[in-house]
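Sequential numbering of the sequence shown, starting at 2, is according to the numbering used here. The structure under discussion appears below in the form of structure tokens.
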Amino acid sequence: MNPFNRKTGRIVLGGAGWSRQIVTDPTSKPVLETILHALSLGIRAFDTSPYYDPSEILLGAAFSDPALTSLYPRSDLLLMTKCGRISSNNFDYSPPAVRASVLRSLDRFSTDYLDVVFMHDVEFVSREEALEAVKTLFEMKDEGLIRHAGISGYPPALLADIASEVKTLTGRAVDVVQTYCHMNIQNTTLQKSLGRLYSKGGVGVVLNASPLCMGLLRKGGVPIGELGDFHPAQRGLREKAAEAADWVESQGESMASLSLKFAVGEFARVDEKGFGVTILGGGSIAEIDENVETVKKVLRKSEEGEEGEGDDLRRYEGLNEGEWKSCESMFKGVREVLGEWVDYTWDSPDNAFLDGQKKLKEQV
Numbered sequence: 002m003n004p005f006n007r008k009t010g011r012i013v014l015g016g017a018g019w020s021r022q023i024v025t026d027p028t029s030k031p032v033l034e035t036i037l038h039a040l041s042l043g044i045r046a047f048d049t050s051p052y053y054d055p056s057e058i059l060l061g062a063a064f065s066d067p068a069l070t071s072l073y074p075r076s077d078l079l080l081m082t083k084c085g086r087i088s089s090n091n092f093d094y095s096p097p098a099v100r101a102s103v104l105r106s107l108d109r110f111s112t113d114y115l116d117v118v119f120m121h122d123v124e125f126v127s128r129e130e131a132l133e134a135v136k137t138l139f140e141m142k143d144e145g146l147i148r149h150a151g152i153s154g155y156p157p158a159l160l161a162d163i164a165s166e167v168k169t170l171t172g173r174a175v176d177v178v179q180t181y182c183h184m185n186i187q188n189t190t191l192q193k194s195l196g197r198l199y200s201k202g203g204v205g206v207v208l209n210a211s212p213l214c215m216g217l218l219r220k221g222g223v224p225i226g227e228l229g230d231f232h233p234a235q236r237g238l239r240e241k242a243a244e245a246a247d248w249v250e251s252q253g254e255s256m257a258s259l260s261l262k263f264a265v266g267e268f269a270r271v272d273e274k275g276f277g278v279t280i281l282g283g284g285s286i287a288e289i290d291e292n293v294e295t296v297k298k299v300l301r302k303s304e305e306g307e308e309g310e311g312d313d314l315r316r317y318e319g320l321n322e323g324e325w326k327s328c329e330s331m332f333k334g335v336r337e338v339l340g341e342w343v344d345y346t347w348d349s350p351d352n353a354f355l356d357g358q359k360k361l362k363e364q365v
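Structure (structure tokens):
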């Protein structure tokens, strides 16, 4: 079941930009004004997580504010959040914890349903834990508390395995899968798993998050928030990404803009079945404006549209072939600079997490 359509568009605004992983003081940001601006541009889908503390709290307050609710009815919005991941090394996928997390999110958003709830970073728990958690989401879906049940994580192949197992063992399909850092100018390996996600897993739609690889693919490199340097990329990849950004700048272009064009355009090109939905960052009005303008260049504007939509982002659908071709030499140049790091992936979970879990089990 795919919650995305012409009404929602193919772009989601991610909420990690209001987390302590990304910024030093997220509570100082004008969240309501930023969300209202995003809505005015045509963005209708929003994604967050309790793990992106305090993003879910800030977004919940914004979407509960009369200044927003008086302009945009709940039925026009697609609100997505996650559960199961509490902190960097702490997960709770037990059915009571899943239910409590969803109920807390409902309260934070002052709504009686959530459009999508994901089990957050399923690769960090056992298959048994993941399966039981998804079953709990299915129960809450049957109760009308959530509309679509999803799983999220880093490795697309593992997500495809879990989605297939859920379908085999429960007879029900995961509605939405969210993965990150696997459809961008450095790494396009999500393509290898799309077929299995749709055919074997019965997934309705796959979401591509982190089109800039969590800030790696931009001038200046990864953002550093209150929690320090969280990015798992090795030094070699970071150095080559910085070199690529310098090269792009020498050509009169922006690494962030070029990377976003590639991620959105490539996913729109290869993911015809799932609508090619991309989750963009945007913790400020300026950042959202820049990202939306970039998306409008690489996607083609539909002649169809409802009255009053004007240049609404939801009117931009298929790939703009002309813009894509004009950027191909730059895309190729960046990947040549990245060299051996093209399609490189890091371990998730990493050895430090696995060692920590092993020690905890030994203490029990």
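Glycine residues also receive a C-beta, built at the ideal position from the N, C-alpha and C atoms. Just so you know, these numbers come straight off a predicted model, no measurement behind them.
Exercise. Taking all protein chains shown into account, do 16 or more other C-beta atoms lie within 10 angstroms of the C-beta of V236, making it buried, or fewer, making it exposed?
Worked result: In the sequence shown, counting from the first residue as 1, residue 236 sits at position 235. At residue 236 the sequence reads Arg, which differs from the Val that was named. Sixteen is the threshold: since fewer than 16 other Cβ atoms of the shown chains lie within 10 Å of the Cβ of R236, the residue is exposed.
For this session: Can you tell me which of the three DSSP states H149 falls into?
Result: Taking the first residue of the sequence shown as position 1, residue 149 is located at position 148. Strand at H149.
Exercise. Mind checking whether E46 and I12 have CB atoms under 9 Å apart?
Worked result: The residue given as residue 46 occupies position 45 in the sequence shown. The residue given as residue 12 occupies position 11 in the sequence shown. Rather than Glu, the amino acid found at residue 46 in this sequence is Ala. Yes, the pair counts as a contact, with Cβ atoms nearer than the cut-off.
Exercise. With 16 other CB atoms within 10 Å as the buried threshold, where does Q179 fall?
Worked result: Here residue 179 refers to the residue found at position 178 of the sequence shown. Burial call: buried.
Problem set entry | C-alpha distance - G226 paired with L217, whole-angstrom precision | On the sequence shown, residue 226 is found 225 positions in, with the first residue counted as 1. On the sequence shown, residue 217 is found 216 positions in, with the first residue counted as 1. Roughly 14 Å separates the two Cα atoms.
Exercise. Roughly how many angstroms separate the alpha carbons of V117 and E250, rounded to a whole number?
Worked result: As a first step, residue 117 is located in the sequence shown; it is residue number 116 there, counting from the start. As a first step, residue 250 is located in the sequence shown; it is residue number 249 there, counting from the start. Looking at the two C-alpha atoms, the distance is approximately 38 Å.
For this session: Please name the residue in G203, A257, P350 whose C-alpha comes closest to that of G282.
Result: Stepping through the sequence shown from its first residue, residue 282 is reached at position 281. Closest by alpha carbon: A257.
For this session: Decide yes or no for the touch test of the region 116-135 against the region 72-92: beta carbon pairs closer than 8 Å, at least 3 of them.
Result: A contact exists between the region 116-135 and the region 72-92.
Exercise. Going by other Cβ atoms of all chains shown within 10 Å of its Cβ, with 16 needed for buried, is G277 buried or exposed?
Worked result: Numbered from its first residue, the sequence shown carries residue 277 at position 276. Answer is buried; the Cβ neighbour count reaches 16.
Exercise. How about N209 and I152: are their beta carbons less than 9 Å apart?
Worked result: Walking along the sequence shown from the start, residue 209 turns up at place 208. Walking along the sequence shown from the start, residue 152 turns up at place 151. Against a cut-off of 9 Å, the Cβ pair of I152 and N209 comes out as no contact.
Problem set entry | L146 vs D113 beta-carbon contact at 9 Å | Taking the sequence shown and counting its residues from 1, one reaches residue 146 at position 145. Taking the sequence shown and counting its residues from 1, one reaches residue 113 at position 112. The answer is yes: Cβ separation under 9 Å.
Problem set entry | Residues that S88 bridges to, as DSSP identifies them | Mapped onto the sequence shown, residue 88 falls at position 87. As a beta-bridge residue in DSSP terms, S88 pairs with N91.
For this session: Thinking F332 and F263 are a contact (beta carbons under 8 Å), I'd like their distance in whole angstroms, please.
Result: If you number the sequence shown from 1, residue 332 lands on position 331. If you number the sequence shown from 1, residue 263 lands on position 262. Contact annotation, F332 with F263: C-beta distance approximately 6 Å; criterion of less than 8 Å satisfied.
Problem set entry | Three-state secondary structure assigned by DSSP to S47 | Here the question's residue 47 lines up with position 46 in the sequence shown. Sequence check: residue 47 is Phe here, not Ser. F47 falls in the strand class under three-state DSSP.
Exercise. Should the region 33-51 be called in touch with the region 13-24, which here means at least 3 C-beta pairs below 8 Å?
Worked result: Of all C-beta pairs linking the region 33-51 to the region 13-24, three or more are shorter than 8 Å, placing the two stretches in contact.
For this session: Provide the residue(s) that pair with Y317 in DSSP beta bridges, ordered along the chain.
Result: Position 316 of the sequence shown holds residue 317. Partner(s): K302.
Exercise. Taking all protein chains shown into account, do 16 or more other C-beta atoms lie within 10 angstroms of the C-beta of D272, making it buried, or fewer, making it exposed?
Worked result: Taking the sequence shown and counting its residues from 1, the one referred to as residue 272 is at position 271. Counting the other Cβ atoms within 10 Å of the Cβ of D272 gives 16 or more, which makes it buried.
For this session: Could you please give me the residues that DSSP links to Q252 through a beta bridge?
Result: Along the sequence shown, one-based indexing puts residue 252 at 251. For Q252, which the question treats as bridged, DSSP gives no partner whatsoever.
Problem set entry | At least 3 beta-carbon pairs within less than 8 Å: the region 95-103 vs the region 343-360 | Counting C-beta pairs closer than 8 Å gives fewer than three between the region 95-103 and the region 343-360, which falls short of the contact rule.
Exercise. For R270 versus T9, is the C-beta spacing smaller than 9 Å?
Worked result: Here residue 270 is taken as the residue at index 269 of the sequence shown, counted from 1. Here residue 9 is taken as the residue at index 8 of the sequence shown, counted from 1. Cβ distance not < 9 Å, so R270 and T9 don't count as in contact.
For this session: Consult DSSP for M2 and reduce its assignment to one of helix, strand or coil.
Result: Along the sequence shown, one-based indexing puts residue 2 at 1. Here M2 sits in coil by DSSP.
Exercise. With burial defined as no fewer than 16 other Cβ atoms inside 10 Å of the residue's Cβ, what is the status of P67: buried or exposed?
Worked result: The count along the sequence shown starts at 1 and reaches residue 67 at position 66. Label assigned to P67: exposed.
For this session: Measure the Cβ-Cβ separation of S111 and Y52 and say whether it is below 9 Å.
Result: As a position in the sequence shown, residue 111 is number 110, starting the count at 1. As a position in the sequence shown, residue 52 is number 51, starting the count at 1. Contact flag unset, no.
For this session: Take M2 and list the residues in its own chain whose beta-carbon comes closer than 7 Å to its own, dropping the five residues that flank it on each side.
Result: Here residue 2 refers to the residue found at position 1 when the sequence shown is read from its first residue. So the qualifying residues of the chain are H149, D176, G205.
Problem set entry | Check whether S349 and G154 have beta carbons under 9 Å apart | Locating residue 349 in the sequence shown gives position 348, where the first residue counts as 1. Locating residue 154 in the sequence shown gives position 153, where the first residue counts as 1. Their beta carbons are under 9 Å apart, which means S349 touches G154 by this criterion.
Problem set entry | Option in Y73, L132, I58 with minimal Cα separation from L107 | Position 106 of the sequence shown, counting from 1, holds the residue named residue 107. Per the Cα distances, I58.
Problem set entry | Beta-carbon proximity check, V338 vs E254, cutoff 9 Å | As a working note, residue 338 is residue 337 in the sequence shown. As a working note, residue 254 is residue 253 in the sequence shown. For V338 and E254, no; Cβs fall outside 9 Å.
Problem set entry | Whether K168 touches G196 by CB criterion (9 Å) | Position 167 of the sequence shown holds residue 168. Position 195 of the sequence shown holds residue 196. Not closer than 9 Å, so no.
For this session: Please say whether P224 and H183 have beta carbons closer to each other than 9 Å?
Result: In the sequence shown, counting from the first residue as 1, residue 183 sits at position 182. In the sequence shown, counting from the first residue as 1, residue 224 sits at position 223. By the CB criterion at 9 Å, H183 and P224 fall outside the cutoff.
Exercise. From this set, S285, K274, K220, D290, which residue's C-alpha is nearest S260's C-alpha?
Worked result: Here residue 260 corresponds to residue number 259 of the sequence shown, with the count starting at 1. Of the candidates S285, K274, K220, D290, the one whose C-alpha sits nearest the C-alpha of S260 is K220.
For this session: Would you mind stating whether V299 and E324 have Cβ atoms separated by less than 9 Å?
Result: Taking the first residue of the sequence shown as position 1, residue 299 is located at position 298. Taking the first residue of the sequence shown as position 1, residue 324 is located at position 323. Cβ atoms of V299 and E324: closer than 9 Å.
Exercise. Taking the alpha-carbon positions, what's the G266 to G340 distance?
Worked result: Counting from one through the sequence shown, the residue named residue 266 turns up at place 265. Counting from one through the sequence shown, the residue named residue 340 turns up at place 339. For G266 and G340, the distance between alpha carbons rounds to 22 Å.
Problem set entry | Option in A161, L138, L320 with minimal Cα separation from L104 | As a first step, residue 104 must be located in the sequence shown, where it is residue number 103. Out of A161, L138, L320, L138 has the C-alpha closest to the C-alpha of L104.
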